[in-house]
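Worksheet for the structure shown next.
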Amino acid sequence: MTPQELATAIARILTDLIAARGVEVPVTDADTQVERPKSREHGDWASNAAMKFAKRIGTNPRELATEIAQRIAEIDGVAAADIAGPGFINITLDAASAGETARRVVEQGEAYGRGDALAGQKINLEFVSANPTGPLHLGHTRWAALGDSISRVLRAAGAEVTNEYYINDAGAQMNKFGRSVLAAALGEPAPEDAYPGAYIQSLGAHVLAQQPDLAEIAAQDRDRALELAQEIGYQQQLAEIKESLERFNVHFDVFFSERSLHAPGENGEKSPIDAAVDRLREQGHVFEADDAIWVRTTDFGDDKDRVFTRGNGIYTYFAADAAYYLTKKDRGFGEKIYLLGADHHGYIGRLTAIAGAAGDDIETDITVLIGQLVNLNGARLSKRAGNIVELDDLLEWLGSDALRYWLARYPADSPLALDGEKLRSRTNDNPVFYVQYAHARTCAVDRNAAAAGIDRSAFAPELLTHQTETELLGKLQEYPGIVAGAAELREPHRIARYLEELAAAFHRWYDNCRVIPLGDAPVEDLHRTRLWLNDAAGQVLRNGLDLIGVSAPERL
RNA sequence: GCCUCCGUAGCUCAGUGGAUAGAGCAACGGCCUUCUAAUCCGUUGGUCGCAGGUUCGAAUCCUGCCGGGGGCACCA
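Residues -13 to 542, numbered by this note's numbering, are exactly what the first sequence covers, in order.
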């Protein structure tokens, strides 16, 4: 008996009772979700459905609760259904029914917790999208960790997700980057507005290695040399970014080049950005004023209309963004998710307006998730303060697991501080080790059980009656609902918080219930059954850690 | 000024309208000849920023105020 099955059963009962009263009130499983009561005395699961529906169908909560509870008590696997307080229904499962969870988890393995709530949805998830003019740094790491985890959680809920990185490889920043790299390669003094940082020097060296005659080219054709430096430097920097992301266990399916939006088609077709302007013009959203092209984004709730071309006739960054959005639509994506830092929250209005102008539903086809920035040891990240820390440095210092776990542990809209000392510490200050240790323990039990000749040849779920066993089983039952909720709300931190609770329940169980008998005591079915439970806990810890991109070592 | 996020235990923070608001850390005190003590158990700790409102029920939703972060470009 799973919580989901209970919810479905209650929905059916409620529908019957409502029909018997001759009124029409729709009931869905979502209305009847059961939750785990905070207090153990309130049973295994509780429903507040009676309180939600009593008023709507003209009765009082306790009376309705009584009717529902009678029917729930008849369900196979339910030991008791009691009324409490204003109309809660407290449900207690019998041990065998609860214990079945252990077998189900082991048998389903990696599939346990996955669902199909988002099946059929084709989602585009854009995140990081850092300029390829320098290495990834602390400011990008939160979105990298969060985006990758959101993607994994959405996939676990059945969605088809494409992780996408938009490369700003056109425009003034790239030119500045090219000048910086060229100067470094030729050993010239850095231009006034050059990018700072030692990485420019090594990119310069790389360019020179690839193009040994750069100095001669520069003497004859400065523009040609600049182009070479920019291109070779860009490709190298992008490659390094990709490597950093892979080291961070963050995977992208598509790296989308901004340049491709500006480039005309091979047979002389208009560039995607020109075509996009035409399309929006046909829809009636484009107008001309002050020698510039504008989009009437105010029609879709933006504060002001936005300009597509600057005075010099060149497209703005926003024009490229609009064209980019259209490519996502044309590539068949329904929902397009953008993961942006709080410093970009002014873009929400114009992005959603573009979705509306493109003919999309701005409620369902576009989602802009805004996250707060990260602090390091209390100091705000700032270029001026010079405390930029590169992702590669952080990975070397703290390790990918600790960093990813910490970044995934907090809601995106919550301010977050990275404390290096804490992340290096192996105490409960640093929960990743707590969770990983629980997993390693399940593996240790497996090894010892094998050595002691205990296997899973018997399964007697009715024997799992210790309080810590009931609680561990309850936690395991919760997992699919946690994944579904994390996917629906795009909040992977729920997985991390759940894992900490699961690890605690496991540790308590481990402390109270032995899988391997003491001394010469005989091996009984209870021990074999507990091995199933141990393995189930290990499986769910593994599944959950995978959703946040953290490894599950067999030993620590 | 407008928009937006945050304000919960000494600290860092969870908390999808439900029951007596939780966890870790910190402080104090316990459990290792027994499957990994990186674990576990106990004690201490709260006007959920303030004031109204909606509701059977509000930390949660609405309004106003106070305090803090971020944003309001023909930059990228």
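Just so you know, even glycine gets a beta-carbon here, dropped at the ideal spot from N, CA and C.
Does DSSP put residue i in a helix, in a strand, or in coil?
i	result
S33	strand
A(-7)	helix
H123	strand
A398	coil
R500	coil
L104	coil
N110	strand
Y301	strand
G372	Model confidence at G372 stands at a pLDDT of 47, short of 50, so the residue's coordinates are unreliable and nothing is read from them.
K461	helix
K24	coil
L367	Caution is warranted here: a pLDDT of 48 is assigned to L367, below 50, making its placement in the model unreliable, and no coordinate value can be reported.
I(-1)	helix
I61	coil
I136	helix
A490	helix
H425	helix
E540	coil
D199	coil
T515	helix
V236	coil
P466	helix
Q269	coil
Write down the C-beta distance between residue i and residue j rounded to the nearest angstrom, noting that I regard them as a contact closer than 8 Å.
i	j	result
E586	Y420	Beyond the ends of the chain as shown, which are -13 and 542, falls residue 586; an answer cannot be given.
I(-4)	I58	7 Å
A142	V469	5 Å
L200	L214	7 Å
L533	S135	6 Å
Tell me, which residues are paired with residue i by DSSP?
i	result
G357	G327
S243	I153
A66	T78
L404	L362
A278	A275
T148	N110
R292	V281
I259	In DSSP, I259 forms no bridge with anything.
K322	N110 and I352
Using CA atoms only, rank isn't needed, just tell me which of the options is closest to residue i.
i	options	result
L546	A84, E455 and L172	The structure shown has nothing for residue 546, since the chain only spans -13 to 542.
G219	A176, V263 and G164	G164
E540	L527, L533 and I534	L527
V114	G125, D432, R265 and L104	G125
G287	I300, A343 and A275	A343
L140	H493, L404, G471 and V293	G471
Q(-10)	V536, E477, R480 and L462	L462
E457	E53, K408, A278 and F492	F492
A388	Y185, G406, S400 and P401	G406
R245	F234, S257 and V236	S257
F242	R317, S400, S33 and L488	R317
R265	E229, T313, G299 and D239	T313
E321	L79, A309, G327 and T338	T338
Y311	D102, Q19 and I352	I352
Y185	L168, K315 and S537	L168
T14	L326, R48, A(-7) and N414	A(-7)
S166	G183, I153, G157 and Y151	G183
G8	I43, E474, A398 and D378	I43
Q566	R128, A116 and G439	Beyond the ends of the chain as shown, which are -13 and 542, falls residue 566; an answer cannot be given.
P397	E455, G254, E21 and E477	E477
Look at the Cβ atom of residue i, then the Cβ atom of residue j, and state whether they are nearer than 8 Å.
i	j	result
V281	D291	yes
Q574	G120	This structure leaves residue 574 out entirely; the chain is present only between -13 and 542.
N529	G71	no
V354	I334	yes
D62	A35	no
I323	N110	yes
P118	D155	yes
V431	V501	yes
R516	D441	no
A306	L247	yes
L459	T(-12)	no
V293	T302	yes
D102	G73	no
A394	A131	yes
A275	A308	no
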